[in-house]
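Note sheet for the following structure.
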Amino acid sequence: METDQKKLPGLPLSAGLLALVVLVLVLVAPSDLAMRKHDFVRKGPGVTEVRMLSDWFPGIKGGRGDTEVYVLDSGKPGGSALVLGGTHANEPAGFLTAIVLVENARPEAGKLFVIPFANASAFTHTDYMEGEPRRFTIEGASGARTFRFGSRATSPADQWPDPDIYIHASSGQKLSGSETRNLNRAYPGRPDGTFTEKVAFAITSLIKAEKVDVSVDLHEASPEYPVINAIVAHERAMKVASIAVLNLEFDGITIGLEPSPQKLRGLSHRELGDATDTFALLMETANPSQGRLRGVTDEALILKGRDPLYLKAKALGRLFVPFDEKGSPVEARVGRHLAGLAAIFSAYTEEKPDRAILFSGLPSYDELQATGLGKLF
Amino acid sequence: MQQSRKLPLLLALVLAIPAALCAQPYKLAAPIAQKPVLLTSVGQSADVEMLKVLLDRSKIEYKYDIQVKAGGLAATGAKTIVVAIGGSSKGLGAAGISPEAELERAKLLFAEAKKLGVKVIGLHIGGEARRGELSDRFVQAAVPACDYVIVVAEGNNDGLFTKLCAAAKIPLDSVEKITKAGDPLAKAFK
Ligand SMILES: [Zn+2]
Numbered sequence: 001m002e003t004d005q006k007k008l009p010g011l012p013l014s015a016g017l018l019a020l021v022v023l024v025l026v027l028v029a030p031s032d033l034a035m036r037k038h039d040f041v042r043k044g045p046g047v048t049e050v051r052m053l054s055d056w057f058p059g060i061k062g063g064r065g066d067t068e069v070y071v072l073d074s075g076k077p078g079g080s081a082l083v084l085g086g087t088h089a090n091e092p093a094g095f096l097t098a099i100v101l102v103e104n105a106r107p108e109a110g111k112l113f114v115i116p117f118a119n120a121s122a123f124t125h126t127d128y129m130e131g132e133p134r135r136f137t138i139e140g141a142s143g144a145r146t147f148r149f150g151s152r153a154t155s156p157a158d159q160w161p162d163p164d165i166y167i168h169a170s171s172g173q174k175l176s177g178s179e180t181r182n183l184n185r186a187y188p189g190r191p192d193g194t195f196t197e198k199v200a201f202a203i204t205s206l207i208k209a210e211k212v213d214v215s216v217d218l219h220e221a222s223p224e225y226p227v228i229n230a231i232v233a234h235e236r237a238m239k240v241a242s243i244a245v246l247n248l249e250f251d252g253i254t255i256g257l258e259p260s261p262q263k264l265r266g267l268s269h270r271e272l273g274d275a276t277d278t279f280a281l282l283m284e285t286a287n288p289s290q291g292r293l294r295g296v297t298d299e300a301l302i303l304k305g306r307d308p309l310y311l312k313a314k315a316l317g318r319l320f321v322p323f324d325e326k327g328s329p330v331e332a333r334v335g336r337h338l339a340g341l342a343a344i345f346s347a348y349t350e351e352k353p354d355r356a357i358l359f360s361g362l363p364s365y366d367e368l369q370a371t372g373l374g375k376l377f
Numbered sequence: 378m379q380q381s382r383k384l385p386l387l388l389a390l391v392l393a394i395p396a397a398l399c400a401q402p403y404k405l406a407a408p409i410a411q412k413p414v415l416l417t418s419v420g421q422s423a424d425v426e427m428l429k430v431l432l433d434r435s436k437i438e439y440k441y442d443i444q445v446k447a448g449g450l451a452a453t454g455a456k457t458i459v460v461a462i463g464g465s466s467k468g469l470g471a472a473g474i475s476p477e478a479e480l481e482r483a484k485l486l487f488a489e490a491k492k493l494g495v496k497v498i499g500l501h502i503g504g505e506a507r508r509g510e511l512s513d514r515f516v517q518a519a520v521p522a523c524d525y526v527i528v529v530a531e532g533n534n535d536g537l538f539t540k541l542c543a544a545a546k547i548p549l550d551s552v553e554k555i556t557k558a559g560d561p562l563a564k565a566f567k
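Here the protein sequences line up with chains G and C, keeping their order.
When the letters of the first sequence are read in order and numbered with this note's numbering, they come out as residues 1 to 377.
When the letters of the second sequence are read in order and numbered with this note's numbering, they come out as residues 378 to 567.
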């Protein structure tokens with residue numbers, strides 16, 4: 001023992017460093033742990049039940065992948081739909097739209113399932129080296145509402161380590177290791193898989209058990225990404241998506257239509273459509289706060305979407321969406337998602353009148369631009 | 378009050394009817410196309426799905442083959458090809474086709490159409506989003522082979538379609554919206 005002691009002259013230094021690490025952890029832990037608390041979501045007039053995703057797959061019960069499923073049942077005959085927000089927790093228009101639905105939508109026909117925080121773990125951390133704020137605040141009608149800005153992926157605290165190569169279970173497709181924590185590469189999921197695969201499996205199970213007719217996964221993408229302001233549709237959902245695009249055009253909203261690539265596996269619009277009978281769709285809006293060309297990443301960028309560097313990129317012809325001084329404000333992005341959902345559900349109802357999915361209580365795109373998002377909170 | 382409100386409306390109607398009858402809203406002077414119709418794409422974009430809806434709404438029946446090859450054209454019996462112009466990396470990826478292979482298929486298909494006397498109506502409906510490096514290669518390749526082109530105006534902001542059609546003396550009609558493309562398309566048929 002004595003000899004060992006002599007070999008460690010740096011012991012006091014090590015002990016000091018260790019103490020420092022412990023101190024940092026103690027200081028950081030409360031704010032880190034606070035990120036695990038789900039943002040407040042008000043039960044709106046249409047909510048008939050709040051369930052947990054683990055109801056459809058007990059394997060995630062009580063864990064950090066479990067998440068609220070809001071059920072809005074019209075009590076009238078019709079079809080059913082699932083809206084996923086927060087698949088990627090750094091794409092705020094996705095989960096904000098889901099929250100707006102829960103708090104405001106009134107189902108008129110059929111049944112709506114809404115999961116605002118689909119990858120709940122992704123909300124508990126931000127991506128390091130990105131300099132993103134952890135939270136942002138919207139001045140709501142009922143006071144200031146704060147929301148978390150999370151990561152694209154499951155927290156490493158919940159799933160670690162990443163393999164060098166992520167092999168998608170049912171196809172053998174190889175992707176970079178970090179994609180193993182991406183919910184939108186994990187579908188249809190596995191009951192005995194990773195944390196992320198279990199969440200995906202639970203969502204797939206819900207769709208099967210509830211015979212969900214239409215599933216829409218709400219996303220955002222950086223303005224320099226080619227598939228944006230777009231609906232991506234599984235081939236069975238193509239006709240409904242086409243009608244939705246044309247209906248949106250009537251309302252002055254230009255949205256592109258993209259096929260779900262058959263060979264790109266693990267994505268919701270591919271696997272949910274293949275593994276279940278649901279019409280699987282995904283929508284993208286333009287979010288500069290997740291882009292690679294952005295400058296200062298603060299709350300204003302998240303909410304206003306104004307960035308001088310994106311203006312420059314537009315002038316150089318490098319963007320795939322219109323972009324000007326007005327930026328890409330969250331009202332416009334949520335407005336597009338809401339209008340897109342309404343158009344998709346009404347197109348589906350047009351195609352399958354006996355499986356109608358209709359709801360009211362939501363502002364039109366133009367109304368939302370005039371009143372702002374705060375009015376809805 | 379009732380009377381005075383109806384009068385301007387009536388007047389407007391009376392003025393509008395002859396105007397609508399006389400107007401030549403489209404550049405295409407006379408119908409050029411005959412059925413049966415084959416619907417396809419150059420660039421494998423999902424815009425072809427929207428053309429399906431437009432054709433359905435115009436009650437024009439069609440056969441659909443997004444990857445029809447020159448060798449298969451005669452067998453379809455088509456007298457007109459309606460083609461959705463514009464590239465999609467997702468669409469090409471989905472079909473497992475390289476842009477080069479797609480351009481080659483288009484070239485051979487259009488040559489075969491010309492040989493068989495099959496008319497080609499090209500539509501670019503994807504607007505600005507369906508332009509850019511990838512799409513423009515398909516635009517450049519497809520437009521000169523068309524007998525008639527309809528473009529949604531936003532996709533022609535830089536005048537590329539105007540230029541290509543003028544050079545090849547192809548009638549070009551520009552519409553404001555995708556939903557407005559169905560009308561000139563239907564009017565192109567005899
Ligand atoms: Zn996303």
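Here a beta-carbon is modelled for each residue, glycine too, at the ideal position from N, C-alpha and C.
By the C-beta density criterion, Gly454 (chain C) is exposed, having fewer than 16 other C-beta atoms within 10 angstroms.
Here Pro107 (chain G) is buried, its C-beta having at least 16 other C-beta atoms within 10 Å. Put simply, of G:Ala275, G:Pro288 and G:Phe345 the residue whose alpha carbon is nearest the alpha carbon of Arg190 (chain G) is G:Ala275.
Under the Cβ distance rule, Gln262 (chain G) counts among the residues neighbouring chain C, one pair being separated by less than 9 Å.
Residue environment analysis places Trp56 (chain G) among the buried positions, since at least 16 neighbouring C-beta atoms fall within 10 angstroms of its C-beta. For His234 (chain G), no alpha helix (DSSP H) segment is defined, and its DSSP state is neither H nor E.
With fewer than 16 other beta carbons inside 10 angstroms of its own, Leu13 (chain G) counts as exposed. Here Gly448 (chain C) is exposed: its Cβ has fewer than 16 other Cβ atoms, across all protein chains shown, within 10 Å.
Placement of the Cβ of Ala120 (chain G) at a distance of 8 Å or more from every heavy atom of ligand 1 is found. Around Gly536 (chain C), no beta-carbon contact reaches into chain G at under 8 Å, the shortest distance being about 16 Å. Chain-order list of chain G residues neighbouring Ser465 (chain C): Glu258 and Pro259, by C-beta distance under 8 Å.
Under the Cβ criterion of 9 Å, Glu531 (chain C) is counted among the residues facing chain G.
Separation of Leu293 (chain G) and Tyr310 (chain G) (C-alpha to C-alpha, rounded to the nearest whole angstrom) is 7 Å. Interface flag for Phe323 (chain G) against chain C is unset, since no Cβ pair is found closer than 9 Å. Membership of Tyr348 (chain G) in the alpha helix (DSSP H) is indicated by the continuous run Val330 to Glu351. With respect to the 9 Å criterion, Val321 (chain G) and Pro259 (chain G) are not classified as neighbours on the basis of their beta carbons. With a threshold of 16 other beta carbon atoms within 10 Å, Asn119 (chain G) meets it and is buried.
Of all C-beta pairs linking the segment 361 to 370 of chain G to the segment 116 to 135 of chain G, fewer than three are shorter than 8 Å, placing the two stretches out of contact.
Any Cβ of chain C closer than 9 Å to the Cβ of Thr254 (chain G) would place that residue at the interface, and such an atom is present. CA-to-CA, the gap between Ile344 (chain G) and Val334 (chain G) works out to about 15 Å.
At least one C-beta of chain G is nearer than 9 Å to the C-beta of Arg507 (chain C). Under the DSSP assignment, Val529 (chain C) falls outside any alpha helix (DSSP H), being part of the beta strand (DSSP E) whose first and last residues are Tyr525 to Val529. In the three-state scheme derived from DSSP, where H, G and I count as helix and E and B as strand, Leu316 (chain G) is classed as coil. Only buried fits Gly94 (chain G), as 16 or more other CB atoms lie within 10 angstroms of its CB.
Any Cβ of chain G closer than 9 Å to the Cβ of Glu489 (chain C) would place that residue at the interface, and such an atom is absent.
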